[in-house]
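Q: Residue numbers (the working numbering), protein chains in the order written: chain A, 1 to 491; chain B, 1001 to 1491. Glycine is no exception: its CB is placed at the ideal position from the N, C-alpha and C atoms. Every value quoted in this text rests on a predicted model; they were computed, and no experiment measured them.
Below, the structure written as structure tokens:
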């Protein structure tokens, strides 16, 4: 199989698109801005879902399902919220088609016009808080910890597979609390849960922080974000967790009675990660040969390829391969034995390299004679020959090594591409020459942020939670600052 | 807790609605015809999903995801298909709202009108077969076995929670095959898979059969249906599997090249079950006290309730309860220990009865003294006292007994409410007096079927696959027939 991908250094965006298509992750659909997630890409999303769902349930959250449609009037109830989402939403206005009297096609039946238009949910705060009003009366009903796995639609004008599509898949958490402190605690708990997932399953190091006023969620008091760095030096926001204060409780009149019989507005959070994570996974680790998937999220962790001439050899090899597969499967490892006779071993090697299967085992006639197998590691492209009797332990440890190695490599990249700068000249130069995360002092005003952003395209990704206090001067205005913030050009 | 449900014999429809609401399964939403699936109801759906997904993957199917939107023009490509779905679909016509210049609300921005309207998928054959055209070139690409978990919208005028809602959740399988025989085999394989699931997990006996021309899916050559009987004597279609012939391949020009280089149209199937199954589960088994859930799908299989005065007693009881919980959990049983002090034991007993938890264990001071526990069985409302040391094995077996017992009871009901009739008079009388499934001869014409349906509201549910050949006369026309078909009034 010839090299099928554009090289990263030639055109990173094209490399990404090639890879998503050629590795059978997703493709564009005939509906503008919507993608088709193909089985291999969906299998990665299912792995992401399964782990996150387990983590969310372990921390007391329950899944529920709310309608796809939101009445137009709900939208206007929270002023900031509507400003953000009204500009890019899919609107249902009618409920019937009829035959075109002038032709053989179909037209909208004007007699089937909705009294109130329905918006396809871009996010569900409004319909959920309308519902919470009925679910919450007393302090006994709190906290209410709800999560939803759903599709949402935001009418994006420039779309890219997984990273930005008009329809995408996500989970959205919506919680209600009796106190401000408890809601903030929940917001932070979720940031840490996402961090755990993104670092330990996706193998991508993160910076946690607060969004500035310009960048926070429409309707939030505070937005916590998780920022990751891609190989082209651009930042990607991997997840957000919002402390909503009492904004939605006020908009939908959701109150609870405390132990003393007094009424209070409820405190809220919301948070989500989406199918965008698949895009982040691809962009963070992969190389010019194809995907590199961390074992914890790889749909196939180990592939076994037989190398043979004729059925006699295949039979002997299959005996060994099936035994290896059985032993690995018993250890919870997902294994594919690819004994198709329609493709040559070389083709299969390239195919599984492209698809990022972490470990490839090849078994040939010499291995049968010697009691060995050849093991190839996708992430660093090394090969070794080992004895068959040691294979299960070896693979179990190898998968752990790969998982750890992928994270360490990404962290090294992130650290090497994080720069402290103290002048606006350096800021612009680093941005132009290297990209990456830039740690710089900022005077805390939206005005300055907007100017820097307009001039350089870099935005404040977050005000890092673990950034240390440090006296300094804003790179743009020279005004005093006591903490560096993280700038980058972002996806 | 007082009895909160209408009695089945007083008003079955009201009983069902009461139960769905009071057991916290679902509620109506502010969006007409759409429901909110509450955490307990969604947990049942998740159990259904998990089992079906496992069964579908074990038979070689892969999940994928296709867009929510279908371009209007796709709809018209298959003539029968469009006739069925154009009358009841949600249509997206615009993609932006703007401020109402005359007020403070929002209006649709007429400058943001779509060139071609988008239909919210009522089912995905059209967009999937449009995609399959690119995925299928050669016989090597077949069979293609795809499944999708998704929400779909059909603009229903009369809706009922779970049973018929404008938006519902489902899985839809779409497969492509090289031969007619293989596609029919797939269609039947799925009917059997659904039957296995509905009988062995949901505990509901089914009749498998073919739909008549009037009742088959729009665009299918043959529709296989799975029919179940509810406690009010009405039938409920629990799942369908369609042999689509080459209709969609023709509509979307999907061909493959065989081994000899010749081109052929591809053969297709599609099949689905939906969140309607939750409604079937409720209606098939439950009683005037609340839900009765089969253990295989119960979110909580065992609840433990402490009966105590004061903290000393509670502490001793909790020691025993936690140990029981741990041992049961190790055996894969889902257990809740409800030691809330905000509710009395009697309230909890009624609550878990209402919610259909299969087994309740009560532990009080006398049990601590005697080394016993009290076990209550939800399905037949019996209680027994057993020794603590035998409890794990006892519960494991008890759950199996309950699962089997629920099915046997439902099958007995189904058999007692299945009537052979040979005259139209008897047909109408049985329908009026007893309902249920009616096995009768029919002359095979749509005309007769429509007349019977118009006069009695009963429809042909299916032509049973395992019905034996038997000479007879159509109950309506007296014309010859060689097999009885199943009539019923249906949900």
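When the Cβ atoms of the region 1322-1342 of chain B are set against those of the region 1437-1446 of chain B, are three or more pairs found closer than 8 Å?
A: Counting Cβ pairs under 8 Å, fewer than three are found: no touch.
Q: Can you list, in chain order, the residues of its chain with a C-beta nearer than 7 Å to that of residue 1074 of chain B? Leave out the 5 residues immediately preceding and following it.
A: The answer, listed in chain order, is 1126, 1127, 1130.
Q: Counting contacts by CB-CB distance shorter than 8 Å, is residue 117 of chain A in contact with chain B?
A: Closer than 8 Å: yes.
Q: Which stretch, first to last residue, makes up the beta strand (DSSP E) that contains residue 226 of chain A?
A: It spans 222-229 - the beta strand (DSSP E) in which residue 226 of chain A sits, taken as one unbroken run.
Q: Distance check for residue 153 of chain A and residue 168 of chain A, CA to CA, integer angstroms please.
A: Between residue 168 of chain A and residue 153 of chain A, the C-alpha separation is close to 7 Å.
Q: Tell me which same chain residues have a C-beta within less than 6 Å of the C-beta of residue 190 of chain A, skipping the five on either side of it?
A: Once the five neighbours on either side are set aside, the close Cβ partners of residue 190 of chain A are 241, 271.
Q: What residue range does the beta strand (DSSP E) around residue 201 of chain A cover?
A: Per DSSP, residue 201 of chain A belongs to no beta strand (DSSP E) and is neither H nor E.
Q: For residue 309 of chain A, which option in A:162, A:318, A:57 has the closest C-alpha, if you only look at C-alpha atoms?
A: Ranking the options by Cα distance to residue 309 of chain A, first place goes to A:318.
Q: Hey, how far is the Cα of residue 479 of chain A from the Cα of residue 227 of chain A?
A: Residue 479 of chain A and residue 227 of chain A: Cα-Cα distance of roughly 26 Å.
Q: Is the shortest distance between the beta-carbon of residue 84 of chain A and the beta-carbons of chain B less than 8 Å?
A: It does not: the Cβ of residue 84 of chain A has no partner Cβ on chain B nearer than 8 Å.
Q: Measuring only between beta-carbons, confirm whether residue 345 of chain A sits less than 8 Å from chain B.
A: No, residue 345 of chain A lies away from the interface with chain B (no Cβ there is under 8 Å from its Cβ).
Q: If you drop the 5 nearest sequence neighbours on each side, which residues of the same chain put their C-beta closer than 6 Å to that of residue 221 of chain A?
A: Within the same chain, residue 221 of chain A has close Cβ partners 243, 245.
Q: When you compare only the Cα positions, how much space is there between residue 1068 of chain B and residue 1121 of chain B?
A: The straight-line gap from Cα to Cα measures roughly 6 Å.
Q: Using CA coordinates, which residue listed in B:1445, B:1124, B:1090, B:1065 is at the minimum distance from residue 1269 of chain B?
A: When only C-alpha atoms are compared, the closest one is B:1124.
Q: How would you write the range of the beta strand (DSSP E) that residue 465 of chain A sits in, first residue to last?
A: Looking at the DSSP string, residue 465 of chain A is not in any beta strand (DSSP E), and its letter there is neither H nor E.
Q: Return the residue from the list A:357, A:380, A:251 that minimises the CA-CA distance to residue 299 of chain A.
A: That would be A:357, whose Cα lies nearest to the Cα of residue 299 of chain A.
Q: Would residue 331 of chain A pass as a contact of residue 392 of chain A if the rule is Cβ separation under 8 Å?
A: Closer than 8 Å, so yes.
Q: Can you list, in chain order, the residues of its chain with a C-beta nearer than 7 Å to that of residue 386 of chain A? Leave out the 5 residues immediately preceding and following it.
A: So the list reads 372, 373, 375, 394, once near-sequence residues are dropped.
Q: At a Cβ threshold of 8 Å, is residue 1440 of chain B touching chain A?
A: Closer than 8 Å: no.
Q: Looking only at its chain, what residues have a beta carbon closer than 7 Å to the beta carbon of residue 428 of chain A, apart from the 5 residues adjacent to it on each side?
A: So the qualifying residues of the chain are 456.
Q: Measuring alpha carbon to alpha carbon, tell me which of A:448, A:79, A:458 ends up nearest residue 481 of chain A.
A: Of A:448, A:79, A:458, the residue nearest in Cα terms is A:448.
Q: Jot down the residue ranges of each uninterrupted alpha helix (DSSP H) in the region 1007-1032 of chain B, minimum 4 residues, whole runs only, in chain order.
A: If we require 4 residues or more, the alpha helix (DSSP H) runs fully inside the region 1007-1032 of chain B come out as 1012-1022.
Q: So for residue 1061 of chain B, helix, strand or coil by DSSP?
A: Residue 1061 of chain B: coil per DSSP, three-state reduction.
Q: Cα separation between residue 1001 of chain B and residue 174 of chain A?
A: At residue 1001 of chain B, the pLDDT of 47 sits below 50, so the modelled position is not reliable; the number obtained from the coordinates is stated separately. One C-alpha to the other measures close to 30 Å.
Q: Indicate whether at least one CB of chain A lies closer than 8 Å to the CB of residue 1432 of chain B.
A: Taking Cβ atoms only, chain A never reaches closer than 8 Å to residue 1432 of chain B, which makes this a no.
Q: Please check if any C-beta of chain A sits within less than 8 Å of the C-beta of residue 1065 of chain B.
A: With 8 Å as the cut-off, residue 1065 of chain B counts as an interface residue toward chain A.
Q: Between which two residues does the beta strand (DSSP E) holding residue 1157 of chain B run?
A: Premise fails: residue 1157 of chain B is in no beta strand (DSSP E) and is neither H nor E.
Q: Quick one: what's residue 170 of chain A bridged to in DSSP?
A: A:150, A:274, per the DSSP bridge assignment.
Q: Counting contacts by CB-CB distance shorter than 8 Å, is residue 1092 of chain B in contact with chain A?
A: Cβ-Cβ to chain A under 8 Å: yes for residue 1092 of chain B.
Q: By the DSSP assignment, the beta strand (DSSP E) with residue 1307 of chain B in it spans what residues?
A: It is not in any beta strand (DSSP E) - residue 1307 of chain B carries neither H nor E in the DSSP assignment.
Q: Which residue's Cα is closest to the Cα of residue 265 of chain A: A:273, A:305, A:248, A:277?
A: It is A:248.
Q: Taking all protein chains shown into account, do 16 or more other C-beta atoms lie within 10 angstroms of the C-beta of residue 1071 of chain B, making it buried, or fewer, making it exposed?
A: Label assigned to residue 1071 of chain B: buried.
Q: Which word fits residue 276 of chain A, buried or exposed, when buried means at least 16 other C-beta atoms lie within 10 angstroms of its C-beta?
A: Residue 276 of chain A comes out buried.
Q: Helix, strand or coil: which one does DSSP assign to residue 142 of chain A?
A: Note: residue 142 of chain A maps to coil in three-state DSSP.
Q: For residue 82 of chain A, does the three-state DSSP call read helix, strand or coil?
A: Of the three classes helix, strand and coil, the one that applies to residue 82 of chain A here is helix, per DSSP.
Q: Is it right to say residue 237 of chain A is buried, meaning 16 or more other beta carbons lie within 10 angstroms of its own, or is it exposed?
A: The residue is buried, with at least 16 neighbouring Cβ atoms inside 10 Å.
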